[in-house]
Amino acid sequence: MQLGHGHIAQIWRIAHAIVTHRVTRITALLAAVGLSLWNVDRVPHTAVLPAIAGLVPFAIGKYVLCPLRWHALSTSGQSRRWHLRAYAESEILGLISPWHAGADLWRIHRLERIGLRRTPAVSEVALDRFVGAVGLIVAVAVCGVTMPPAVLAVALGAAAVVLLVALIVHRRRPGLAGRWPWPSPKVFTVGVLLSIGYQLTILGLLIGAIHAVGDSVSALQLVAVFGASQLAGVLPGVHGASPREGALVAGLASIGVSWTAAFGAVALTALLYWIPALLLGGSCMFLRWRGWFSEPRPGTS
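Per the numbering used here: the sequence shown = residues 24 to 324.
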């Protein structure tokens, strides 16, 4: 048994060294950006102005609304500026990791650095993820009038499963539920509304990308396709080549967008994600590394 634990610890140390190595992170970053550039290069026509017009609201949604949701749910006691910086830093790691998991791990790491223990740090990030998922399901359900019945049934079924699991855990394991940082109804509602606002900014980015590749589509049909593709995002995948991007390409083609334009719009959207991530997240990481930001001491939270 001791030998087994030793082997597991050694494997963990090796995996941690590989993942945290600078060469590994730079290689993953260049590969992800290169994949997006290669996809966009296959589109014969791309206009810059519509893409930028869609990128601005998305950057606000991603790097303002999402950190504010996290701050509203957080029990760390840190300021909004701290959450804005930590969230921006996490997005770079999220874009180069499957299922965006690197972003969550970085946020947990930042919470641990200010003195939170691992269990409450993980619970806080998981709660933020959960509220974001609820906002997505609500947004899909609100747009249900424009969606196929099968897609709407999947959305409502997912919401029912989440609610059922929460009720079972609360009833059978009340002590476990008490250790989670459950928010008040007001805070939970604010978090869901911020999540819906963020989903709308993604839709605006997609509209700008479609116009940028020289095509257009009905807004109502696009909402239906967008909702269905977001549900596919629960499956793991790498940014730019995930099931969500594949579902979005197929959905756009099904409502009249040419396959070339659909592929190009989705690839352009994946590429545009990198602009605010590198500008905001990269700048925050560099400035914190240079000592421009004073970090709270452990134990102050």
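Backbone N, C-alpha and C fix where the C-beta goes; we use that ideal spot for every residue, glycine too.
task = Take Val210 and list the residues in its own chain whose beta-carbon comes closer than 7 Å to its own, dropping the five residues that flank it on each side.
result = What you label residue 210 is simply residue 187 of the sequence shown in a count that begins at 1. Answer for Val210: Ala95 and Leu96, listed in chain order.
message = My output table needs one value for Gly231: the three-state DSSP class, helix, strand or coil.
response = The residue labelled residue 231 in the question sits at position 208 within the sequence shown. Residue state, collapsed to three classes: helix.
message = Let's see if you can read the secondary structure: which residues bound the alpha helix (DSSP H) around Trp282?
response = Within the sequence shown, residue 282 is the residue found at index 259, counting from 1. Segment Trp282 to Leu295, the alpha helix (DSSP H) holding Trp282.
ask   = Any contact of the stretch 76-94 with the stretch 214-231, i.e. 3+ C-beta pairs under 8 Å?
value = yes
key: Whole-number beta carbon distance between Glu114 and Gly304, since they are thought to touch under 8 Å   = To locate residue 304, count along the sequence shown from 1; it is residue 281. To locate residue 114, count along the sequence shown from 1; it is residue 91. Their Cβ separation, rounded to whole angstroms, is 5 Å, which keeps Gly304 and Glu114 in contact under 8 Å.
request  = Please report the Cβ distance between Leu118 and Trp297, rounded to the nearest whole angstrom; I am assuming they are in contact, meaning their Cβ atoms lie under 8 Å.
outcome  = The sequence position of residue 118 within the sequence shown is 95, counting from 1. The sequence position of residue 297 within the sequence shown is 274, counting from 1. Right, their Cβ atoms sit about 7 Å apart.
ask   = Distance, Cα to Cα, Asp127 vs Leu302?
value = Within the sequence shown, residue 127 is the residue found at index 104, counting from 1. Within the sequence shown, residue 302 is the residue found at index 279, counting from 1. Those two C-alpha atoms are separated by around 20 Å.
ask   = Counting Cβ pairs, one atom from each stretch, are 3 or more of them under 8 Å apart for the stretch 288-296 and the stretch 86-94?
value = no
request  = Specify the secondary structure class of Pro299 as computed by DSSP and reduced to three states.
outcome  = Working through the sequence shown from its first residue, we reach residue 299 at position 276. Helix.
key: Cut-off 6 Å between Cβ atoms - residues of its own chain near Val157, not counting five sequence neighbours on either side   = Your numbering for residue 157 matches position 134 in the sequence shown. Hits under 6 Å: Val215.
request  = Tell me where the alpha helix (DSSP H) around Ile131 begins and ends.
outcome  = Translated into the one-based positions of the sequence shown, residue 131 becomes position 108. Counting along the chain, the alpha helix (DSSP H) containing Ile131 begins and ends at Ala124 to Arg136.
request  = Check Phe316 in the structure and name its three-state DSSP category.
outcome  = For the purposes of this step, residue 316 is identified with residue 293 of the sequence shown, where counting begins at 1. The answer is coil: DSSP assigns Phe316 none of H, G, I, E or B.
query = If Gln253 sits next to Val163, beta carbons under 8 Å apart, how far is it from one beta carbon to the other, in whole angstroms?
reply = Your numbering for residue 253 matches position 230 in the sequence shown. Your numbering for residue 163 matches position 140 in the sequence shown. The Cβ separation is near 7 Å, so the contact holds.
ask   = For Ser120, which residues from the same chain have a beta carbon less than 7 Å from its beta carbon, with the 5 sequence-adjacent residues on both sides left out?
value = Residue mapping note: residue 120 aligns to position 97 of the sequence shown, counting from 1. None.
query = Alpha carbon to alpha carbon, what distance is there between Ala284 and Glu135?
reply = As a first step, residue 135 must be located in the sequence shown, where it is residue number 112. As a first step, residue 284 must be located in the sequence shown, where it is residue number 261. Going from the Cα of Glu135 to the Cα of Ala284 covers about 44 Å.
ask   = What distance in whole Å lies between the Cβ atoms of Cys307 and Arg108, which are believed to be in contact at a cut-off of 8 Å?
value = Here residue 108 refers to the residue found at position 85 of the sequence shown. Here residue 307 refers to the residue found at position 284 of the sequence shown. Confirmed, about 5 Å.
query = Looking only at C-alpha atoms, which of Trp312, Gly220, Gln101 and Ala74 sits nearest to Tyr86?
reply = Taking the sequence shown and counting its residues from 1, the one referred to as residue 86 is at position 63. Among Trp312, Gly220, Gln101 and Ala74, the Cα nearest to that of Tyr86 is on Gly220.
request  = Would you mind reading off the limits of the alpha helix (DSSP H) that contains Trp105?
outcome  = Position 82 of the sequence shown, counting from 1, holds the residue named residue 105. Run containing Trp105: Arg103 to Leu118, per the alpha helix (DSSP H) assignment.
request  = Could you have a look at Leu139 and say whether DSSP puts it in helix, strand or coil?
outcome  = Residue mapping note: residue 139 aligns to position 116 of the sequence shown, counting from 1. Note: Leu139 maps to coil in three-state DSSP.
message = Tell me the residue span of the alpha helix (DSSP H) that contains Pro1.
response = For residue 1 there is no data in the structure shown, the boundaries of the chain being 24 and 324.
Residues near His234 by beta carbon distance below 6 Å, same chain, minus five either side = The count along the sequence shown starts at 1 and reaches residue 234 at position 211. Around His234: Pro73.
task = Evaluate Leu294 with the Cβ neighbour count: other Cβ atoms within 10 Å of its Cβ, from every protein chain shown; 16 or more gives buried, anything less gives exposed.
result = Sequence index remark: in the sequence shown, residue 294 carries index 271 (1-based). Leu294 comes out buried.
query = Around the C-beta of Leu275, are 16 or more other C-beta atoms found within 10 angstroms, so that it is buried, or is it exposed?
reply = On the sequence shown, position 252 is the one that residue 275 refers to. Its Cβ being crowded by 16 or more others within 10 Å, Leu275 is buried.
key: Per-residue DSSP class, three states only, for Ile278   = Along the sequence shown, read from residue 1 onward, the residue named residue 278 stands at position 255. In this structure, Ile278 counts as coil in the three-state DSSP scheme.
message = Nearest by alpha-carbon distance to Leu150: which of Ile137, Ile131 and Val165 is it?
response = Here residue 150 corresponds to residue number 127 of the sequence shown, with the count starting at 1. The option with the nearest alpha carbon to Leu150 is Ile131.
ask   = Going by the beta-carbon positions, is the gap between Ala232 and Ala255 smaller than 8 Å?
value = Your numbering for residue 232 matches position 209 in the sequence shown. Your numbering for residue 255 matches position 232 in the sequence shown. Cβ distance not < 8 Å, so Ala232 and Ala255 don't count as in contact.
Span separating the alpha-carbon of Val71 from that of Leu78 = Stepping through the sequence shown from its first residue, residue 71 is reached at position 48. Stepping through the sequence shown from its first residue, residue 78 is reached at position 55. Those two C-alpha atoms are separated by around 10 Å.
key: Enclosing alpha helix (DSSP H) for Gly304 [first to last residue]   = The count along the sequence shown starts at 1 and reaches residue 304 at position 281. Neither: Gly304 is in no alpha helix (DSSP H) and is coded neither H nor E.
inquiry  = Can you give me the C-alpha to C-alpha distance between Leu159 and Gly100, rounded to a whole angstrom?
reply    = Residue numbering aside, residue 159 sits at position 136 when the sequence shown is read from its first letter. Residue numbering aside, residue 100 sits at position 77 when the sequence shown is read from its first letter. Separation of Leu159 and Gly100 (C-alpha to C-alpha, rounded to the nearest whole angstrom) is 27 Å.
message = For a quick check, are the C-beta atoms of Leu310 and Leu217 less than 8 Å apart?
response = The residue labelled residue 310 in the question sits at position 287 within the sequence shown. The residue labelled residue 217 in the question sits at position 194 within the sequence shown. Inclusion of Leu310 and Leu217 in the CB contact set at 8 Å is not warranted, their separation being larger than that value.
task = Could you tell me which of Val213, Ile278 and Ala124 sits nearest to Asp238, measuring between CA atoms?
result = Position 215 of the sequence shown holds residue 238. Considering only alpha carbons, the answer is Ile278.
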